[in-house]
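Taken in order, the sequence shown gives residues -17 to -1, 1 to 271; the numbers are from mature numbering (1 follows the signal peptide of the UniProt record, and there is no 0). Here a beta-carbon is modelled for each residue, glycine too, at the ideal position from N, C-alpha and C. As structure tokens, the structure follows; a few thoughts come after it.
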Amino acid sequence: MSALAFALVIAAAVTHAAWNIVAHGVSRAGMPFLWWGAVGGTVVWIGVVPFTGGLGTDDVLAFLLGVGVSGVLHVAYMAVLQRGYREGNLSTVYATARGTGPFLSVIVAILLFGERPSALALVGVAAIIVGVVAIGLVDRGRPERRGRSLDPGLVFGLLTGVAIAVYTIWDANAVRTWNLSPVAFMVGTMLLEIPFYSFGVRGRWAAVRTLGRTQWRRIVAFSILSPLSYILVLTAIQIAPVALVAPLREVSVVLVSLFGVFALKESRPGWRLAASAVVAGGIVLLAL
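Have a look at this one:
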């Protein structure tokens, strides 16, 4: 991986961790928060499009196809994730999703795009995925619904991981094949999400207004930082293998975990720090 691509992904991870920390607690407000995120992100970033290469292509139909499919995939991802949080243990869902998504992305990138990471890079990828999963499983409890043969958190975590892999591969292929501008692509995707989330908050507009009035500072921060983190990822994907970018972006999980250890005094700091060290080792291997 080139130094520029590495720097872009690390910056994306830092940005992603930053919005998670800033929006701590509010992001679990569900559909009202997602609605504000899509609307706010569109308003903030649409003015940047003319200064970042416009659409990036003269093929408007290709752009519409790219963002159209991406918008549907991102909405599906959020729907499955939110359902998982309702049905299962949050830590189980999160850890399974953030581990499965990059793993599947690596496999598909190798098979579909013909990417061939070095053996050392693959060891780094494995270390990052293992460390991220370990962090997510710190607070994992037993399934609450003992009557079920499968932990619903595990099931929805796997489904969420599949959704992550699918949108990652589609987005990578779209911005590469049609040379789409990452900023315009992100804005188009968010714009398409608005009708879906508007349908999701039907009958709950009072909650949407209340959230906007009481948490507007966090919503503004999210609207700036969340799209920026993915714009940086899309930019990196244009110049680096998906098989390396997808797992490296999960460094954000480590940063949030470290914030939890030192700022929030969360449980089992030794486990969290050890898992973070494993991820750090993987990062070093990718940087070599």
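For residue i, name the three-state secondary structure that DSSP assigns.
i           : result
Val237      : helix
Arg196      : helix
Pro210      : helix
Pro100      : coil
Thr25       : helix
Gly39       : coil
residue 276 : One cannot answer for residue 276 here, as it falls past the ends of the chain, which runs -17 to 271.
Ile222      : coil
Leu271      : coil
Leu121      : The residue asked about is misnamed: residue 121 is Val in this sequence, not Leu. Coil at Val121, not helix or strand.
Arg187      : coil
Can you tell me where the alpha helix (DSSP H) holding residue i begins and where it ends?
i       : result
Glu249  : That residue, Glu249, is in no alpha helix (DSSP H); it is neither H nor E in DSSP.
Gly13   : Where Gly13 is concerned, there is no enclosing alpha helix (DSSP H), given that its DSSP letter is neither H nor E.
Leu64   : 43 to 70
Ile152  : 135 to 160
Pro230  : 225 to 231
Met173  : 165 to 183
Ala(-1) : -15 to 5
Would you decide whether residue i is buried or exposed? Buried here means 16 or more other CB atoms lie within 10 Å of its CB.
i           : result
Ser250      : exposed
Val168      : Residue identity check: residue 168 is Phe in the sequence provided, not Val. Burial call: buried.
Thr172      : buried
Ser(-16)    : exposed
Thr(-3)     : buried
Thr143      : buried
Pro224      : buried
Gly265      : buried
Pro33       : exposed
Phe182      : exposed
Ala260      : exposed
Phe245      : exposed
Ala257      : exposed
residue 280 : The requested residue 280 does not occur in the structure, where the chain is confined to residues -17 to 271.
Gly71       : buried
Val216      : buried
Could you tell me whether the Cβ of residue i comes closer than 8 Å to any Cβ of chain D?
i     : result
Val43 : Considering every chain present, this structure includes no chain D. It has just one protein chain.
Below 8 Å, can you find three or more Cβ-Cβ pairs linking the region 191 to 203 to the region 52 to 63?
no
Quick check: the region 65 to 81 against the region 196 to 206, are there 3 or more CB pairs under 8 Å?
no
If you pair each beta-carbon of the region 89 to 104 with each one of the region 11 to 26, do three or more pairs fall below 8 Å?
no
Are there three or more Cβ pairs, one per stretch, closer than 8 Å when the region 105 to 123 is compared with the region 145 to 153?
no
Looking at C-beta atoms only, is the number of pairs between the region 155 to 169 and the region 37 to 47 that lie closer than 8 Å three or more?
yes
Taking contact to mean at least 3 C-beta pairs separated by less than 8 Å, is the region 82 to 91 in contact with the region 202 to 219?
no
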